[in-house]
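Asks: Residue numbers (our numbering), protein chains in the order written: chain A, 1 to 293; chain B, 294 to 654. The C-beta atom is built at its ideal place from N, Cα and C for all residues, glycine as well. Predicted model, so just to flag it, every value in this text is computed and none were measured. Structure provided below as structure tokens; questions to follow.
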């Protein structure tokens with residue numbers, strides 16, 4: 001249960017006044033310090049988001065005003081609508097969404113079973129396999145991209161969202177496998193065995209008993225994958241010309257656009273990722289009346 | 294209802310050097326409650342898991358109700374099981390947990406509802422059917438696990454240390470309840486525990502295991518009273534059986550045992566070992582403690598006095614041996630006092646000092 005634990009009544013300590021007072025002050029001080037730290041961390045994460053949102057929703061003139069107002073006094077959707085109506089933005093957005101969701105589906109489809117296998121079976125080469133998984137992330141995309149572009153050119157996949165999807169899946173798989181395997185390890189073997197005793201086949205046991213319990217971890221992996229794909233610029237920019245994803249599109253046009261356009265682009269890039277995380281958050285914490293990892 | 298016949302089961306875990314079970318053969322009769330008991334790592338859980346189908350033996354066979362199930366998956370064996378960790382599913386409500394086995398077997402919903410309700414009544418879970426396991430206490434989770442196991446009406450009920458995660462008081466309470474429930478449903482039950490008191494209190498028969506082998510099988514009192522080897526006597530009972538070495542002396546007046554410089558009357562049957570050392574075993578409750586010397590009494594020095602409420606547990610030194618004996622609660626004794634012990638020849642058990650096996654019947 002996550003119910004707040006009721007403190008038993010503290011025995012009355014008849015210590016000298018000064019001592020209890022000092023102890024109380026120290027405890028108070030620690031509580032305040034904790035609050036301050038929490039606020040500081042929140043601001044560190046939240047402030048840039050706020051500033052981008054503010055700038056993205058300000059008119060072009062108000063951005064150039066001095067001193068710059070930090071309060072949402074002069075909101076307008078003008079910049080945003082200009083940004084959204086400029087060439088390539090909406091298709092870019094759709095491409096990004098498509099790539100993100102395909103990558104998500106593909107990496108879960110391959111990564112979750114692999115994670116399960118890593119967690120449950122002792123097979124030859126298990127350790128090296130895990131290390132190898134991480135090594136794929138050690139190669140910079142720049143190094144990979146040229147040979148990749150060549151491969152995709154010869155296979156006719158170049159400048160398609162599928163090419164970007166494949167690249168992103170390759171980038172996301174190691175983390176998907178490792179995260180989900182960690183979660184599967186945490187689901188007791190007993191549960192699977194109990195399911196099989198009570199009439200389930202192996203796959204049924206996994207589907208009905210193991211997967212539901214692994215859901216928070218799978219959600220985390222999904223979140224990570226989608227955001228990674230949404231934010232990835234370099235590979236997407238190299239592998240596409242016309243079928244640009246949003247970051248690639250923004251990157252390509254960023255240099256010669258006005259300041260307001262950049263902020264609007266920033267907001268358009270941040271928003272879907274934030275929404276996605278907010279949706280997946282409920283799978284991460286507090287299910288079935290208990291807090292899982 | 295079904296009997297279980299295990300024949301020559303051998304299992305070595307991958308990477309393990311010794312056999313987890315070493316040629317174990319055991320039969321559990323239809324409707325019988327058999328308890329496998331032994332120290333941890335003796336192979337009792339492995340044996341249970343081979344009956345459940347969660348492990349496959351290297352050789353040997355398991356038959357349930359006359360059907361060879363050695364190679365069948367768990368779901369085709371018609372067994373049900375209570376796990377040590379309970380293994381109830383945290384993402385399902387109590388109702389769904391109990392119904393799981395029935396749903397997997399495609400029992401009609403109305404029938405499921407009826408049987409879940411019945412099981413919940415037996416285990417006093419009716420008020421908790423719509424809760425998640427995380428909202429239950431340990432004892433209640435245990436009840437859910439048992440309800441889930443009995444609701445499927447399997448031919449064989451397997452239990453793997455189901456009480457070991459409960460606190461002492463609850464364990465005692467639930468033990469009696471469990472015995473009642475199993476008696477009511479009359480299912481053949483194989484029960485694993487390392488707790489000898491649990492084994493004694495629950496089993497129609499108990500099988501004591503050690504190092505992958507079954508050492509002794511029999512009704513609890515018989516195993517308790519006549520351990521087939523020194524290990525069994527030392528494992529069953531609190532306090533465990535006392536052991537000391539003595540030399541058999543056969544004389545015209547009768548057979549006696551020499552312990553240090555004292556003598557103790559012994560049954561005639563042991564006279565065949567005249568002049569040879571034997572290990573003598575005697576239960577604490579079969580030793581009478583007195584404060585005055587007398588015919589056939591052994592002198593011992595008190596080392597520790599432990600009141601247990603219902604009696605006084607004394608640790609005494611007899612020659613070079615330490616014994617645990619029981620005195621009535623009002624017995625006046627202090628450490629370093631001398632007491633006189635008397636034990637009837639019929640209460641003595643004899644073991645070979647080398648093989649530690651029982652010497653007579």
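Nearest to residue 457 of chain B by alpha carbon, out of B:295, B:422, B:484?
Replies: The residue with the shortest Cα to Cα distance from residue 457 of chain B is B:484.
Asks: Leaving aside the five residues before and after residue 277 of chain A along the sequence, list all residues of the same chain whose C-beta is less than 8 Å from its C-beta, in chain order.
Replies: For residue 277 of chain A, where only same-chain residues beyond five positions count, the Cβ hits under 8 Å are 223, 227.
Asks: Quick check: does the Cβ of residue 304 of chain B come within less than 8 Å of any heavy atom belonging to the ligand GDP?
Replies: Within the structure as shown, the ligand GDP is missing, as the structure has no ligands at all.
Asks: Restricting to runs no shorter than 3 residues, where is the beta strand (DSSP E) found entirely within the segment 554-599 of chain B?
Replies: Here the runs fully enclosed are 555-558, 570-575, 581-583.
Asks: If you draw a straight line from the C-alpha of residue 563 of chain B to the C-alpha of residue 614 of chain B, how long is it?
Replies: Each residue's alpha carbon lies about 21 Å from the other.
Asks: Figure out for me which residue from A:53, A:169, A:67 has the closest Cα to the Cα of residue 75 of chain A.
Replies: Of the listed residues, the one whose Cα sits closest to residue 75 of chain A is A:53.
Asks: Determine whether the beta carbon atoms of residue 377 of chain B and residue 491 of chain B lie at a separation below 9 Å.
Replies: Going by C-beta atoms, residue 377 of chain B is not nearer than 9 Å to residue 491 of chain B.
Asks: In three-state terms, what does DSSP make of residue 365 of chain B?
Replies: In the structure shown, residue 365 of chain B sits in coil (DSSP, three-state: anything other than H, G, I, E or B).
Asks: Helix, strand or coil for residue 52 of chain A? Go by DSSP, reduced to three states.
Replies: DSSP places residue 52 of chain A in helix when its eight states are reduced to three.
Asks: Alpha carbon to alpha carbon, what distance is there between residue 386 of chain B and residue 1 of chain A?
Replies: Here residue 1 of chain A scores only 40 on pLDDT, less than 50, and its place in the model should not be relied on; the value that follows carries that caveat. C-alpha separation (whole angstroms): 14 Å.
Asks: Could you tell me which of B:538, B:556, B:316, B:534 sits nearest to residue 619 of chain B, measuring between CA atoms?
Replies: The candidate whose alpha carbon is nearest that of residue 619 of chain B is B:534.
Asks: Can the beta-carbon of residue 503 of chain B be found closer than 9 Å to that of residue 524 of chain B?
Replies: Against a cut-off of 9 Å, the Cβ pair of residue 524 of chain B and residue 503 of chain B comes out as a contact.
Asks: Could you have a look at residue 176 of chain A and say whether DSSP puts it in helix, strand or coil?
Replies: Helix.
Asks: Where do the ends of the alpha helix (DSSP H) carrying residue 473 of chain B lie?
Replies: Unbroken alpha helix (DSSP H) run through residue 473 of chain B: 461-478.
Asks: Pick out the complete beta strand (DSSP E) segments inside the segment 498-525 of chain B, 3 residues or longer, and give them in chain order.
Replies: Correct list: 498-503, 506-511.
Asks: Do residue 320 of chain B and residue 296 of chain B come within 9 Å of each other at the CB atom, strictly closer than that value?
Replies: Against a cut-off of 9 Å, the Cβ pair of residue 320 of chain B and residue 296 of chain B comes out as a contact.
Asks: To which residues of the same chain is residue 600 of chain B closer than 8 Å at the C-beta, ignoring the five residues directly before and after it?
Replies: Closer than 8 Å at the Cβ level, and outside the excluded window around residue 600 of chain B, lie 606, 622.
Asks: Using a Cβ-Cβ distance cut-off of 9 Å, determine whether residue 302 of chain A contacts chain B.
Replies: Since the first residue shown for chain A is 1 and the last is 293, residue 302 of chain A is missing from the structure and cannot be characterised.
Asks: For residue 445 of chain B, which residues in chain A fall below 7 Å Cβ to Cβ?
Replies: What residue 445 of chain B touches in chain A: 198.
Asks: Using beta carbons (cut-off 9 Å, strictly below), is residue 35 of chain A in contact with chain B?
Replies: No - not a single Cβ of chain B is within 9 Å of the one on residue 35 of chain A.
Asks: Below 9 Å between beta carbons: does that hold for residue 576 of chain B and residue 631 of chain B?
Replies: Their beta carbons are not under 9 Å apart, which means residue 576 of chain B does not touch residue 631 of chain B by this criterion.
Asks: With 9 Å as the threshold, decide whether the Cβ of residue 654 of chain B is near any Cβ in chain A.
Replies: Only weak support is given to the placement of residue 654 of chain B: the predicted model assigns it a pLDDT of 43, under 50, and the value that follows is read from those uncertain coordinates. No - not a single Cβ of chain A is within 9 Å of the one on residue 654 of chain B.
Asks: Confirm, please, whether the CB-CB distance from residue 443 of chain B to residue 451 of chain B is below 9 Å.
Replies: Against a cut-off of 9 Å, the Cβ pair of residue 443 of chain B and residue 451 of chain B comes out as no contact.
Asks: Tell me the rounded alpha-carbon separation between residue 590 of chain B and residue 553 of chain B.
Replies: If you take the alpha carbons of residue 590 of chain B and residue 553 of chain B, they lie about 13 Å apart.
Asks: Within the segment 339-385 of chain B, note down every full beta strand (DSSP E) run reaching 3 residues or more, in order along the chain.
Replies: 352-357, 372-375, all fully within the segment 339-385 of chain B.
Asks: For residue 15 of chain A, I'd like the list of residues in its chain whose CB is within less than 8 Å of its CB, leaving aside the five on either flank, ordered along the chain.
Replies: Because residue 15 of chain A sits at a pLDDT of 48, beneath the cut-off of 50, its placement in the model cannot be relied upon, and the following sentence gives the value as read from the coordinates. Answer for residue 15 of chain A: no residue qualifies.
Asks: Counting along the chain, where does the beta strand (DSSP E) carrying residue 300 of chain B start and finish?
Replies: Residues 297-304.
Asks: With 16 as the cutoff for other CB atoms within 10 Å, does residue 197 of chain A come out buried or exposed?
Replies: Its Cβ being crowded by 16 or more others within 10 Å, residue 197 of chain A is buried.
Asks: So, with DSSP's three-state summary, where would you put residue 316 of chain B?
Replies: The answer is strand: DSSP assigns residue 316 of chain B an E or B state.
Asks: Unbroken alpha helix (DSSP H) runs of length 4 or more, entirely within the segment 99-137 of chain A: which are they?
Replies: Listed in chain order, the complete alpha helix (DSSP H) runs (minimum 4 residues) inside the segment 99-137 of chain A are 126-135.
Asks: Going by beta carbon distance, what residues of the same chain come within less than 6 Å of residue 112 of chain A, once the five residues before and after it are set aside?
Replies: The answer, listed in chain order, is 180.
Asks: How about residue 209 of chain A: is its C-beta nearer than 9 Å to some C-beta of chain B?
Replies: Closer than 9 Å to some Cβ of chain B, the Cβ of residue 209 of chain A qualifies, so yes.
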